[in-house]
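In my numbering, the protein residues as written are 77 to 150.
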């Protein structure tokens, strides 16, 4: 199977997970498939937590304020 892409698309490796912010302001999550009995890695759990907390405007504002306070160090 061939997947045609444009220059604006990215192909995610099969063993990778991603949290995606869309132009519309939505968050989407893609999780790599692993064995049914394997534990979810900590970094993937973090992405899940951000996805779920990202629906809370108070938390989003708090994180945005924290980021702004970093004065460009990120």
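Ideal Cβ placement from N, Cα and C applies to all residues, glycine included.
Given the structure is predicted, the values throughout are model-derived calculations rather than measurements.
Within the model, the alpha-carbon separation for residue 89 versus residue 95 is close to 14 Å. Close CB contacts of residue 137 within its chain, under the 6 Å cut and outside five residues either way in sequence, are absent. Within its own chain, the residues whose Cβ lies closer than 8 Å to the Cβ of residue 126, once the five positions on either side in sequence are excluded, are 95, 103, listed in chain order. Taking all protein chains shown into account, residue 140 has fewer than 16 neighbouring C-beta atoms within 10 Å of its C-beta and is therefore exposed. Judged by DSSP secondary structure, residue 144 falls within the alpha helix (DSSP H) whose first and last residues are 133 to 144.
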